[in-house]
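The sequence shown begins at 4 in the numbering used here and counts up by one.
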Amino acid sequence: MQRAGAGAAAEIAGRLVSDLADGVVIATGPGNNGGDGWVVASALHAAGVRVRVVECAPARTPDARAEREHAITLGVPVTGDVSALAAGGEHVAVDALLGTGLTADKPLSGELATAVRSLASLRDRGADVVALDLPTGLDASTGVDVGGLRASLTLTFGTMKRGHLIGRAQCGTIVVLDIGLGAHARASSGMPLATAAWFRESLPPIPADAHKGTRKKVAIVGGAEGMAGAAILAARAALRAGAGLVKCVVAPESLPAVQEAEPAALAAPWPADGASLASLAQWADVLLVGPGLGRPHARTTVERLLAAFDGPVVLDADALNAFEGDAAALAPLLRGRPALLTPHPAELARLAQTTVDDVLAQRFAWPRRVAEMTSASVLSKGVPTIVAAASGDAMVVAEGTPILATGGAGDLLGGIAATLLAQCGDPLRAGALAAFAHGRAAAAVSARNVRGYLLDDVLLALPEVWSLSPSPPRPPVLAELPAVGEAGGRA
Numbered sequence: 004m005q006r007a008g009a010g011a012a013a014e015i016a017g018r019l020v021s022d023l024a025d026g027v028v029i030a031t032g033p034g035n036n037g038g039d040g041w042v043v044a045s046a047l048h049a050a051g052v053r054v055r056v057v058e059c060a061p062a063r064t065p066d067a068r069a070e071r072e073h074a075i076t077l078g079v080p081v082t083g084d085v086s087a088l089a090a091g092g093e094h095v096a097v098d099a100l101l102g103t104g105l106t107a108d109k110p111l112s113g114e115l116a117t118a119v120r121s122l123a124s125l126r127d128r129g130a131d132v133v134a135l136d137l138p139t140g141l142d143a144s145t146g147v148d149v150g151g152l153r154a155s156l157t158l159t160f161g162t163m164k165r166g167h168l169i170g171r172a173q174c175g176t177i178v179v180l181d182i183g184l185g186a187h188a189r190a191s192s193g194m195p196l197a198t199a200a201w202f203r204e205s206l207p208p209i210p211a212d213a214h215k216g217t218r219k220k221v222a223i224v225g226g227a228e229g230m231a232g233a234a235i236l237a238a239r240a241a242l243r244a245g246a247g248l249v250k251c252v253v254a255p256e257s258l259p260a261v262q263e264a265e266p267a268a269l270a271a272p273w274p275a276d277g278a279s280l281a282s283l284a285q286w287a288d289v290l291l292v293g294p295g296l297g298r299p300h301a302r303t304t305v306e307r308l309l310a311a312f313d314g315p316v317v318l319d320a321d322a323l324n325a326f327e328g329d330a331a332a333l334a335p336l337l338r339g340r341p342a343l344l345t346p347h348p349a350e351l352a353r354l355a356q357t358t359v360d361d362v363l364a365q366r367f368a369w370p371r372r373v374a375e376m377t378s379a380s381v382l383s384k385g386v387p388t389i390v391a392a393a394s395g396d397a398m399v400v401a402e403g404t405p406i407l408a409t410g411g412a413g414d415l416l417g418g419i420a421a422t423l424l425a426q427c428g429d430p431l432r433a434g435a436l437a438a439f440a441h442g443r444a445a446a447a448v449s450a451r452n453v454r455g456y457l458l459d460d461v462l463l464a465l466p467e468v469w470s471l472s473p474s475p476p477r478p479p480v481l482a483e484l485p486a487v488g489e490a491g492g493r494a
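Laid out in structure tokens, this is it:
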């Protein structure tokens with residue numbers, strides 16, 4: 004508790020220094036989260052910051068009571084009048100009410116509900132609300148919010164919780180502080196978090212003597228009539244991800260559009276016979292099937308391609324919709340090869356024969372289940388993105404901004420993922436790398452505060468990601484996620 008509170012106080016003092024002159028009000032609850040608040044109060048008071056505590060519920064745990072007595076002995080002012088919470092004019096308010104001690108099936112009530120409303124009103128008046136562990140009202144496991152409190156900064160201890168990753172909008176900037184829990188501290192419920200340091204260490208290098216063959220050949224099968232743009236976006240992404248050669252295999256009607264829009268890519272019509280199919284299979288190092296593929300005959304197309312080609316594949320969009328309710332049929336077609344499926348929630352729900360609401364409610368479980376069904380790795384797009392392998396291994400990627408919530412963003416991800424899969428051979432690693440790069444590039448675009456953008460802007464930001472240097476270590480900070488819609492920060 005003392006390590007958590009002291010670390011939190013240091014972060015508050017370092018990040019909000021310009022607001023501390025007006026003092027800090029700390030709302031404490033009955034448990035150890037309240038105890039953390041008492042430690043913050045003691046530390047800031049000892050540093051000369053004007054602090055007052057509003058005790059919204061009496062301290063009940065032995066540790067919390069001990070820290071309360073220590074703070075009062077130091078001279079920290081305290082009141083039990085919850086109505087006074089918003090009356091002091093402070094520009095920093097600390098939420099130390101419940102932390103992880105709330106579940107969505109137990110709504111807030113009484114003085115704690117009043118306290119949350121007061122903290123929300125302070126936020127509305129321009130104060131920075133700092134949540135210890137979690138904003139009160141946010142369920143740590145499900146991310147369901149019953150309080151409506153949005154924090155500017157959330158300081159959590161030892162590990163990223165699922166609720167942080169799902170309820171990003173309520174948390175503001177999320178900072179994980181080391182309190183001595185060990186090496187698992189960056190994980191969320193057993194799934195490692197993709198960080199900038201991991202990204203740099205895991206990105207397959209391009210050697211100095213590389214040529215277009217060693218950088219791999221990516222074939223993109225899709226681009227039905229009227230949907231050439233999907234194949235074009237995927238091709239541009241594959242090239243920006245470092246592919247040596249890219250070929251768009253599209254409907255004959257789409258060939259002129261592809262050749263005019265992306266001269267750096269080769270183009271060919273959909274294979275019409277066994278010879279052309281064999282030629283494509285011999286040429287490609289990896290297949291990306293799905294961008295703009297269209298529904299008619301999609302399953303037959305996928306089955307023919309997977310029968311003719313033995314190498315790694317990425318399946319997206321209608322290449323997945325073709326197996327609606329029959330995900331298990333993919334396993335014998337994939338035959339144990341490196342394979343990555345990249346569904347959004349609706350596509351994952353179709354594969355799993357469930358509802359989108361169920362996928363979202365169990366977003367950490369369904370990718371693993373579908374990976375086991377299909378013997379492929381599954382990249383489940385969303386906030387956060389989960390990448391799971393058939394072995395049960397999985398990673399969490401918390402990068403990205405709402406600018407990716409647009410048609411064509413998935414085609415970019417597919418092109419990046421296919422290139423990285425060809426270059427590293429590991430679909431779990433390739434999927435997590437692609438999701439990180441895709442999301443971090445989007446964050447770079449969001450940081451420019453431009454209302455209008457194109458997906459080409461995201462592509463043009465990719466070089467910044469490939470050259471990304473992790474921020475230097477800053478103990479006790481283990482990891483940091485910027486507020487939704489912002490870029491930068493330490494991850």
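We treat Cβ as the ideally placed atom computed from N, Cα and C, and that holds for glycine.
Next on the checklist: Suppose you measure from the CA of V57 to the CA of R454; what does that come to, to the nearest Å?
Outcome noted: 41 Å
Item to check | Distance, A67 Cα to N35 Cα | outcome: For N35 and A67, the distance between alpha carbons rounds to 6 Å.
Checklist entry - Can you give, in chain order, each stretch of the alpha helix (DSSP H) that sits fully within the region 171–233 and has at least 4 residues? => result Listed in chain order, the complete alpha helix (DSSP H) runs (minimum 4 residues) inside the region 171–233 are 171–174 and 199–205.
Item to check | Alpha-carbon to alpha-carbon, G17 and A188 | outcome: Legend: pLDDT at A188 = 49, less than 50; position of this residue unreliable, value from coordinates given subsequently. When rounded, the distance between both Cα atoms is 22 Å.
Next on the checklist: Using DSSP's beta-bridge definition, name the partner residues of C251.
Outcome noted: I223 and A270
Checklist entry - Candidates V381, T162 and L137: which alpha carbon is nearest G498's? => result Past the edges of the chain, shown from 4 to 494, lies residue 498, and the structure says nothing about it.
Item to check | Cutoff 8 Å; reference T409; Cβ partners in own chain excluding five residues on either side | outcome: L458
Next on the checklist: Do P370 and I389 count as a contact pair if the criterion is CB distance below 8 Å?
Outcome noted: yes
Item to check | Distance, L484 Cα to G492 Cα | outcome: Note on G492: pLDDT 34, under 50, position unreliable in the model; the coordinate value appears next. In a straight line, the C-alpha of G492 is about 6 Å away from that of L484.
Next on the checklist: Check for me: the alpha helix (DSSP H) holding E3 runs from which residue to which?
Outcome noted: Only positions 4 to 494 of the chain appear in the structure, and residue 3 is not among them; the question remains open.
Next on the checklist: Which residue wins for smallest C-alpha separation from D414, given the options A368, L431, A438 and T157?
Outcome noted: A438
Checklist entry - By Cβ distance, which residues of its chain are closer than 7 Å to A246, with the 5 residues on each side in sequence left out? => result R218, K219, V221 and T422
Item to check | Opposing strand residues paired with I389 [DSSP bridges] | outcome: S383 and V399
Next on the checklist: At the level of alpha carbons, what is the spacing between L463 and L471?
Outcome noted: 14 Å
Checklist entry - Buried or exposed: where does H347 fall if 16 or more other Cβ atoms within 10 Å of its Cβ makes it buried? => result Within 10 angstroms of the beta-carbon of H347 lie 16 or more other beta-carbons, which makes it buried.
Item to check | Cα-Cα separation, R302 to P207 | outcome: For R302 and P207, the gap between their C-alpha atoms comes out near 32 Å.
Next on the checklist: I'd like to know whether the C-beta atoms of R6 and W41 end up nearer to each other than 8 Å.
Outcome noted: No. Outside cutoff.
Item to check | Whether G146 touches R126 by CB criterion (8 Å) | outcome: no
Checklist entry - Where do the N-terminal and C-terminal ends of the beta strand (DSSP E) with A30 fall, by residue? => result V27 to T31
Next on the checklist: Between which residues of its own chain and L19 is the CB-CB distance below 6 Å, once the five residues before and five after are set aside?
Outcome noted: Cβ within range, chain order: V95 and D131.
Checklist entry - Looking at C-beta atoms only, is the number of pairs between the region 323–343 and the region 253–266 that lie closer than 8 Å three or more? => result no
Item to check | Distance between beta carbons of V381 and A391, contact taken as under 8 Å | outcome: 5 Å
Item to check | V289 - containing beta strand (DSSP E), residue span | outcome: V289 to V292
Item to check | Three-state secondary structure (DSSP) of D131 | outcome: strand
Checklist entry - What is the rounded straight-line gap between the Cα of T76 and the Cα of R55? => result 13 Å
Item to check | Three-state class that DSSP yields for A437 in the structure shown | outcome: helix
Next on the checklist: Here's a check: name, in chain order, each residue in its chain whose Cβ is nearer than 8 Å to the Cβ of T139, leaving out the five neighbours to either side.
Outcome noted: Counting only Cβ-Cβ distances below 8 Å, and skipping sequence neighbours, we find G32, D98, L100, L101, G102, L105, L111, L115, A118, V119, L122, G150 and L152.
Checklist entry - Could you give the C-beta distance for R174 and T157, rounded to a whole number, given that I count them as a contact under 8 Å? => result In the sequence under discussion, the amino acid at residue 174 is Cys, which differs from the Arg named in the question. Between T157 and C174 the Cβ distance is about 4 Å, and since that is below 8 Å, they are a contact.
Next on the checklist: Please state the DSSP three-state secondary structure of L471.
Outcome noted: L471: coil per DSSP, three-state reduction.
Next on the checklist: Assuming contact is defined by CB atoms lying nearer than 8 Å, are L135 and A46 in contact in what I supplied?
Outcome noted: Cβ atoms of L135 and A46: not closer than 8 Å.
Checklist entry - With burial defined as no fewer than 16 other Cβ atoms inside 10 Å of the residue's Cβ, what is the status of G277: buried or exposed? => result exposed
Item to check | Where D321 falls, given that 16 or more other Cβ within 10 Å makes a residue buried | outcome: buried
Item to check | Classification of S383 by the beta-carbon crowding that lies within 10 angstroms, buried from 16 upward | outcome: buried
Next on the checklist: Tell me the residue span of the beta strand (DSSP E) that contains T303.
Outcome noted: Where T303 is concerned, there is no enclosing beta strand (DSSP E), although the alpha helix (DSSP H) it sits in stretches over A301 to A311.
Checklist entry - Got a sec, what are the start and stop residues for the alpha helix (DSSP H) D321 sits in? => result D321 to N324
Checklist entry - Roughly how far, in whole angstroms, is the beta-carbon of P107 from the beta-carbon of A74, given that I think they are within contact range, below 8 Å? => result In the sequence as presented, Pro is not what sits at residue 107; that position holds Ala. Between A74 and A107 the Cβ distance is about 31 Å, and since that is not below 8 Å, they are no contact.
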